[in-house]
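Below is one structure; the comments refer to it alone.
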Amino acid sequence: MKKILVTGGAGYIGSHTCKALSKAGMEPIVFDNLVLGHQWAVKWGGLEVGDLLDRDRIVDVAKKVRPEGVIHFAGHSCVGESVSDPAKYWRNNVAGTINLLDALVYINSPPVVFSSSCTVYGITDVDLISENVAVEPINPYGETKRAVEIMLKDYEVAADLRHIVLRYFNAAGSDADAEIGELHNPETHLIPLAIASAAGDMKALKIFGTDYSTADGTCVRDYIHVTDLADAHVRALNYLLDGGDSNLFNLGAGVGYSVREVVDAVGRIVGSPVPTEPSVRRPGDPTRLVADTGHAREILHWEPVNSDLDNIVATAWRWYQMRKQVLSRPGLGADKLDVS
Ligand code: UD1
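Take my numbering: the final residue in the sequence shown is number 1512, and no numbers are missing along the way.
Here you go:
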């Protein structure tokens, strides 16, 4: 069985990808410091607890595991926090990646799939964003993703490190079996917050900006189901394992929904309207971000088959209802988590 090292594999997208790797007959070995990730979400292979800032530790793990491929999720991803604490982002996302790539060079450069973000495009007025759109991040988080993309190219020249960069749009939804799901602390994402509001567990959802130049005045985003993202990672990895060249793909559903449209879908699926409150724009939010998905469809033969908005919300809602039960099982390491 092919061993795949998955940094950040205890996190939201990482854990869904481990499940997909296992289904595809591979063995995911998670490397995670468990600061943002959850021990209970590591279910499909081994766990090596460690921090990418600990260079010796990642070198040891790389030498011990000798993976045939690597998927690199580990990092921080909150835009606002990256503005107030840029050092945290440059240190974890960039310095941590240098340690990882150096460790991989010691073991003959297994191919790497890297999780980047549509945030690298910054503010663009393009209707559908293809991979050819200029990259101009507007926050430190996006800058760190761009820096790693550049770093990967340099390591390829110097050490034959083939890689695929995946630029996600808005990851959302949860595993159809509700074995794992989205759980951030604090939660900042639209869909889980709208669900918490509709369920009466949170006050009114703030709508950040109602005067954007969109049909209903709220921001438009491209929501992509986490299971479709996981599938894209497996395809990208197989592409590299089959000898494919380095490449770059946008991963979205290719359809844009406004904040109000998402809120309406949540109200309909939860069966109770989301209480909302208009609020000021959130700094750094572009008006519209929707992917042109043609490249991933053509080269990876990938289709975002789970990303219908109602399915995204329905799976997120199911996880929201199930998670206390899932996380209260003994021995999951989840006893200290506040999931209220
Ligand atoms: C952002 C990043 C993305 C990153 C993700 C992780 C950009 C363009 N995207 O996604 O790369 O991986 O964060 O944190 O920087 N909203 C509300 N009220 C709320 C919460 C959100 O109105 O309480 C709105 C936001 O203004 C936005 C939309 O909902 O228009 C989606 O927001 P969110 O779920 O936070 O994701 P992004 O900010 O789009």
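Glycine included, each C-beta is placed from N, C-alpha and C at the ideal position. These numbers come from a predicted model, not from an experiment.
Asked, Found
"Where D1326 falls: helix, strand or coil (DSSP)", "helix"
"Spatial distance of P1447 from A1437 (CA atoms)", "13 Å"
"Counted within 10 angstroms of its Cβ, other Cβ atoms place V1207 as buried (16 or more) or exposed", "exposed"
"Endpoints, alpha helix (DSSP H) assigned at N1410", "1398–1413"
"For A1344, three-class secondary structure by DSSP", "strand"
"Short Cβ contact (9 Å threshold) for H1248 with L1272", "no"
"Residue interval of the alpha helix (DSSP H) (run including V1284)", "No alpha helix (DSSP H) holds V1284; the beta strand (DSSP E) holding it covers 1284–1289."
"Given G1345 as reference, the closest of W1491, M1198, G1186 once Cα atoms are compared", "W1491"
"Proximity test, S1256 beta-carbon vs the ligand UD1 heavy atom, cut-off 8 Å", "no"
"Alpha-carbon spacing of A1306 relative to Y1293, whole angstroms", "7 Å"
"Assigned secondary structure, A1246 (DSSP; H/G/I helix, E/B strand, else coil)", "coil"
"Which listed residue (A1366, T1465, S1287) has its alpha carbon closest to that of R1432", "A1366"
"Check: I1301 C-beta below 8 Å from any heavy atom of the ligand UD1", "no"
"For A1463, three-class secondary structure by DSSP", "strand"
"Same chain, Cβ closer than 8 Å to D1417, neighbours up to 5 away in sequence not counted", "R1334"
"Unbroken stretches of the alpha helix (DSSP H), 4 residues or longer, contained in the region 1424–1483", "1431–1442, 1466–1472"
"Supposed contact pair I1201 and V1237 - C-beta distance, whole angstroms, cut 8 Å", "5 Å"
"CB contact flag (Y1340, C1391, <9 Å)", "no"
"Those residues which DSSP pairs with E1199 across a bridge", "K1175"
"Selection from V1284, N1280, Y1261 that minimises the alpha carbon distance to K1325", "V1284"
"Those runs of the alpha helix (DSSP H) which lie wholly inside the region 1254–1317 and span at least 4 residues", "1258–1261, 1268–1278"
"Where H1210 falls, given that 16 or more other Cβ within 10 Å makes a residue buried", "buried"
"Environment of the ligand UD1 in chain order, Cβ to heavy atom below 6 Å", "S1249, C1250, V1251, S1289, C1290, T1291, N1342, T1360, H1361, L1362, L1365, L1377, K1378, I1379, F1380, C1391, R1393, V1431, R1454, D1457, P1458, L1461"
"Straight-line Cα distance separating R1440 from Y1411", "39 Å"
"Three-state secondary structure assigned by DSSP to D1204", "strand"
"Buried or exposed by the 16-neighbour rule on C-beta atoms within 10 Å, applied to K1191", "buried"
"Same chain, Cβ closer than 8 Å to L1300, five either side skipped, listed in chain order", "G1426, V1462, A1463, D1464"
"Best match in E1359, V1435, G1218 for proximity to D1370 [C-alpha to C-alpha]", "The question names Asp, yet the displayed sequence has Ala at residue 1370. Looking at the Cα atoms, V1435 is the closest of the given residues."
"Cβ pair count under 8 Å reaching 3, the region 1380–1387 against the region 1216–1229", "no"
"Coil, strand or helix - G1183 by DSSP", "coil"
"R1318 beta carbon less than 9 Å from that of S1287", "no"
"Neighbour-count burial assignment, P1455, 16 or more Cβ in a 10 Å radius", "exposed"
"Backbone CA spacing between I1352 and H1397 [nearest angstrom]", "13 Å"
"Spatially closest choice to N1212 from D1383, H1188, A1330, K1378, by CA coordinates", "The residue asked about is misnamed: residue 1212 is Trp in this sequence, not Asn. If we check each option's Cα against that of W1212, H1188 comes out closest."
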